[in-house]
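This report concerns only the one structure given below.
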Amino acid sequence: MAARLRALPLAILVTVVAAAVVVRWRREPAPDAGPAAGATVTSSTADAGAGGLDQPLRGMPFPAGVAVPDGGPRMLHGEPRHTHRVAARGPRAPKVGWRAELGSAVATQVTVSPDERTLYAGTLDGRLVALSRDDGTKRWSVALGDRVYSTPFVADDGTIIAGSDAKKLVAVSPEGAVLWRLEVDGEADTAPVSGKDGTIVFAAGSNVYAVRRRGDLAWRFATRGKIFTAPAVTDDGLVIVGSQDDRVYAINPQGGLAWSVDLGADVDGSAVVSDDGSITVGTDKGELVRLDPKGTILWRTPVGGFVRGALSLARNGDVLAGTYGPVPRMVRVAPDGTIRGSLAIKGTGAREFGIHGGPLEDAEGTLYFGAQDDTVYAVGLDGAVRWRFETGGDVDAPLTMLSDGSLVVASEDGTITMLLP
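For the sequence shown, counting from 1, position 163 maps to 164 in my numbering; every step adds exactly one.
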């Protein structure tokens with residue numbers, strides 16, 4: 002089901018609409034710091050070529066001891082760096098444990114309570130929903146006022162925090178009671194993540210916000226364009242966002258600009274931070290761009306289509322990205338910017354059809370991801386598709402794996418499905 006349920010960066014339908022949107026999004030200019038002080042921003046475009054894209058989506062052996070979050074994810078891609086790596090081994094076949102009908106499309110990743118007994122998701126009819134991990138029964142739902150694209154963040158004490166297109170960030174107790182609401186200037190449709198200083202960082206409209214756990218504002222940073230990327234946070238506390246003003250920004254923990262770099266196209270592919278501290282983002286020019294921690298461009302690699310979801314990081318350091326276009330692909334790019342390989346799915350011929358984001362990587366290097374062909378894929382380290390699982394709608398949301406290897410699939414047909422390990 003390729004029909005889009007959202008006019009976000011997924012479709013720029015006509016020139017008139019695009020122009021109107023740009024006028025709206027660029028209403029809050031920010032100071033242009035240019036490159037980081039003392040840094041030379043150079044481009045070293047990697048020699049990727051079509052040959053790389055034609056190779057299988059094959060992984061590489063990975064070292065032991067790579068940092069991987071414990072348990073199920075409590076924020077987008079499981080951690081502030083957005084690696085999307087998990088410690089469990091995923092399903093060897095798509096065996097359904099249960100399927101929950103939510104009555105509205107789900108475009109957020111499912112997150113979990115600290116004890117993994119409860120699952121949380123947002124719906125496009127504007128609800129935050131809590132489900133039992135055991136059988137998918139609904140425990141409660143809270144109306145957030147408008148569509149929810151924001152993957153819920155779950156704090157250590159179990160508080161759930163999510164934004165909505167009602168221009169609010171909302172905190173909800175584990176029992177479903179609203180604790181606080183924070184009004185913001187723009188649709189709060191990017192996923193909140195944890196900052197290094199205990200704040201919650203998210204984007205709404207053209208602004209990045211940091212809030213304290215009780216809902217009071219710590220700081221706000223304005224860009225020149227609409228932000229569709231969920232912030233990533235480096236180990237040093239830099240907050241990384243891309244904007245539709247064509248720039249990637251690094252914001253320090255106090256809310257000041259560390260550096261920004263113009264990439265020449267909308268930056269809609271949420272950053273991933275590698276183990277060495279380097280940062281990779283995706284653009285609407287169809288590139289992955291790697292920057293060092295000070296904002297110097299290390300390489301730019303064409304990947305054959307728009308990049309509009311959060312990137313992910315394999316244990317061996319490869320960056321993984323889903324692309325949009327006539328030939329949608331999952332693409333694997335080495336740390337030096339060369340393309341190792343890709344997996345193409347059947348497209349519709351449309352430029353606005355594809356794979357929204359990078360895959361989840363399990364303990365054996367198997368990749369799991371969904372696509373707008375209504376299908377979930379499991380791809381082994383050898384690049385072979387191990388299995389497919391069909392849903393009734395687009396699978397734009399990142400997949401979720403619990404500590405026992407169960408795989409949770411959110412679909413825009415309004416279902417959440419548990420696949421057993």
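Glycine is no exception: its CB is placed at the ideal position from the N, C-alpha and C atoms.
Only exposed fits proline 62, as fewer than 16 other CB atoms lie within 10 angstroms of its CB. The beta carbon of proline 294 is closer than 6 Å to those of Gly278 in its chain, skipping five residues each way along the sequence. The continuous beta strand (DSSP E) containing glycine 98 extends over residues 96–102.
Where leucine 58 is concerned, there is no enclosing alpha helix (DSSP H), because DSSP gives it neither an H nor an E. Taking C-beta atoms as the reference points, threonine 392 and aspartate 414 count as a pair closer than 7 Å. Counting C-beta pairs closer than 8 Å gives fewer than three between the stretch 332–349 and the stretch 103–113, which falls short of the contact rule. Between valine 320 and proline 92, the alpha-carbon positions lie close to 23 Å from each other.
Annotation note: the stretch 181–246 contains no uninterrupted alpha helix (DSSP H) run of length 4 or greater.
DSSP places leucine 77 within a helical segment (H, G or I) once states are collapsed to three. Leucine 170: member of the beta strand (DSSP E) spanning 169–173, first to last residue. Scanning its chain for C-beta atoms nearer than 6 Å, with the 5 sequence neighbours on each side dropped, one finds around alanine 192 the residues Leu77, Ser151, Thr152 and Ala231, in chain order. By the criterion of a C-beta distance shorter than 7 Å, aspartate 405 is surrounded in its chain by Ala89 and Pro422, once the five residues flanking it on both sides are discounted. Beta-bridge pairing by DSSP links valine 130 to Ala122 and Ser142. Of the candidates Asp116, Ser142 and Gly159, Ser142 places its Cα closest to the Cα of threonine 124. In the structure shown, threonine 376 falls within a strand segment according to DSSP collapsed to helix, strand and coil. The three-state reading of DSSP puts threonine 112 in strand, counting E and B together.
Listed in chain order, the beta strand (DSSP E) runs fully inside the stretch 241–318 are 248–252, 258–263, 270–274, 280–283, 288–292 and 298–303, counting runs of at least 3 residues. Assignment of threonine 401 by DSSP, reduced to helix, strand and coil, places it in the strand class. Taking all protein chains in view, the Cβ of glutamate 365 is surrounded by fewer than 16 other Cβ atoms within 10 Å, so the residue is classified as exposed.
Per the C-alpha coordinates, the member of Glu184, Phe154, Leu258 and Gly226 positioned closest to valine 111 is Phe154. Bridge partners of threonine 416 according to DSSP: Glu102. Here the alpha carbon of proline 327 sits roughly 29 Å from the alpha carbon of aspartate 363.
For the pair threonine 302 and valine 273, the CB atoms are not nearer than the 7 Å cut-off. With fewer than 16 other Cβ atoms from the protein chains shown falling within 10 Å of its own Cβ, proline 64 counts as exposed. For alanine 178, there is no enclosing beta strand (DSSP E), as DSSP gives it neither H nor E. Around the beta carbon of glutamate 80, 16 or more other beta carbons lie within 10 angstroms, which makes this residue buried.
When the alpha-carbon of glycine 199 is set against those of Ala211, Glu188 and Val242, the nearest one is in Ala211. Here serine 165 carries a strand assignment [DSSP, helix/strand/coil]. If you draw a straight line from the Cα of isoleucine 241 to the Cα of histidine 85, it comes to about 17 Å. In this structure, glycine 137 lies near alanine 101, with their beta-carbon atoms less than 7 Å apart.
Taking every protein chain shown into account, the CB of glutamate 184 has fewer than 16 other CB atoms within 10 angstroms, so this residue is exposed. In the displayed model, isoleucine 346 falls within coil according to three-state DSSP, outside both helix and strand. Less than 7 Å divides the Cβ of alanine 167 from the Cβ of aspartate 147. Within a 10 Å sphere around the beta-carbon of threonine 349 sit fewer than 16 other beta-carbons, which makes this residue exposed.
Cβ contact annotation for leucine 292 (same chain, cutoff 6 Å, sequence separation greater than five): Ile280 and Ile298, in chain order.
Distances from the CA of leucine 420 to each of Ser313, Ser343, Ala385 and Val377 were compared; the closest alpha carbon is that of Val377.
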